[in-house]
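J.: No gaps in the numbering here: position 293 of the sequence shown is 293 in the numbering used here, and each next residue is one more.
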Amino acid sequence: MNLAQAVVDSGALDALVSCLEEFDAPVKEEATIALGQIARHNLELGQAVVDAGAIPLLVLCLQEPELSLKRNAAFALSEIAKHSQEMAQTIVDAEAVHILAALAGHPDPKLKSKVCSCLAQISRHAVELAETVVESEVVPKLFNCLKDVDIVRKASATCIREIARQSADLAKIIASGGAQTIVEYISDCKGPSRLPGIMTLGFIGAFDEALALTVIQAKCIDPLKDALVNEPEDHIKAAAAWSLGQIGGHSAEHAKELAEKDVLSRLLAVMMLEESSEDLKGKAKKALKSLVAICT
């Protein structure tokens, strides 16, 4: 970070941004990499890149024919967008979202993963930003990306999670179009890649009874229970416990679906296990209490 700050303090940003206007593609590419690496460290450095006028030129770089230039432009925009709602809005205002959405269908896995990451960083800050991403008609492409190679799948799952968590209406769009695809995704993959899909189901299920029933009907309980029991990492187990509690805590009907799948005893087991982290024990206890309270 200190080195990035030193680059900014030297006045190099103006020169780097001017490189984005060069005819030579390798020059533009190196500039996009440098700007992304500067912006990634903190909000102040990201803002410095924005203030230097980089965003409109980075958006133009997304539209260049060179694949590596597209990748690095998407990376730089993602690193800027992550810092604040205002920075993400600046990228939206530069009309980047529709270009990124189109690139989500590109055949190159590295580009797709960076595009999905950028859309996730835009979506995470506010309902309005997530709605803008959805309005770009990217959601069906995100579901297709869940069936791609691992780096694409995880980035796409993260983007879907950031959209679904923002509002009941957005969760409904995700659930109606792809609840089954998300369930298939968390059934098929293991480890950290599973986490965003697990949390997406919890966010969807938390909003209301109908959405929770939608994910139950998509057969989410078995893979969530599998994650609770078999994942080695406690934070993934904890996410599964949280999601199960969100999905099953609406009514006796919802809780019954989990009870018949032996989820209650599994929650109790991880809660009582000495080796479980405090976070896992807490989430399992909270889920168990919410389910037992409404069981008939």
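Heads up, the beta-carbon is just placed ideally off N, CA and C, and yes, glycines get one too. Quantities reported herein were computed from a predicted structural model and do not represent experimental measurements.
1) Could you tell me if Gln121 is buried or exposed, where buried requires 16 or more neighbouring beta carbons within 10 angstroms of its beta carbon?
2) Kindly confirm or deny that the region 29-47 and the region 91-102 touch, where touching means at least three C-beta pairs closer than 8 Å.
3) Using beta-carbon positions only, say whether Glu79 and Gly11 come within less than 8 Å of one another.
4) Taking just the CA atoms, how far does Pro107 sit from Cys19?
5) Assuming Ala179 and Thr214 are in contact, meaning their beta carbons sit under 8 Å apart, how far apart are those beta carbons, in whole angstroms?
6) Pick helix, strand or coil for Glu231, following the three-state DSSP scheme.
7) Given a cut-off of 8 Å, decide if Lys237 and Leu201 are closer than it, judged by their beta-carbon atoms.
8) Flag this pair as yes or no: are the beta carbons of Glu86 and Ala130 separated by less than 8 Å?
9) Out of Ser290, Gly282, Ser277 and His235, point me to the one whose CA is closest to His250's CA.
10) When we look at the beta-carbon of Val149 and count the other beta-carbons within 10 Å, is it buried (16 or more) or exposed?
11) Assuming Ala227 and Ile160 are in contact, meaning their beta carbons sit under 8 Å apart, how far apart are those beta carbons, in whole angstroms?
12) Tell me the DSSP secondary structure of Leu103 in three-state form.
13) If Ser136 sits next to Leu146, beta carbons under 8 Å apart, how far is it from one beta carbon to the other, in whole angstroms?
14) Which residue comes first and which comes last in the alpha helix (DSSP H) that contains Met271?
15) Assign Phe23 to one of two classes, buried (16 or more other C-beta atoms within 10 Å of its C-beta) or exposed (fewer than that).
16) Quick one: grab the DSSP three-state call for His254.
17) For Ser113, is the classification buried or exposed, using 16 other Cβ atoms within 10 angstroms of its Cβ as the cut-off for buried?
18) If I follow the unbroken alpha helix (DSSP H) through Phe75, where does it start and stop?
19) Can you tell me whether DSSP reads Thr296 as helix, strand or coil?
20) Mapping the DSSP letters down to three states, classify Glu29 as helix, strand or coil.
21) Starting from the Cα of Ile99, find the closest Cα among Val138, Val152, Glu21 and Ile174 and give me that residue.
22) Just to confirm my understanding: we take Lys219, look at its own chain, exclude 5 residues before and 5 after, and list those with CB closer than 7 Å. What are they?
23) Which first and last residues belong to the alpha helix (DSSP H) in which Leu170 is found?
24) Going along the chain, which residues of its own chain have a beta-carbon closer than 7 Å to the beta-carbon of Leu13, five neighbours each way excluded?
25) My assumption, with CB atoms under 8 Å, is that Ala252 sits in contact with Thr296. Please give the rounded CB distance.
T.: Per the coordinate set shown:
1) buried
2) no
3) no
4) 28 Å
5) 5 Å
6) coil
7) no
8) no
9) Ser290
10) exposed
11) Going by Cβ atoms, the distance from Ala227 to Ile160 rounds to 17 Å, so no, they are not a contact pair.
12) helix
13) With 8 Å as the limit, Ser136 and Leu146 do not qualify as a contact, their Cβ atoms being about 18 Å apart.
14) Val263 to Met272
15) exposed
16) helix
17) buried
18) Leu67 to Ala81
19) coil
20) helix
21) Val138
22) Val183
23) Ala168 to Asp188
24) Ala48, Val49 and Ala52
25) 5 Å
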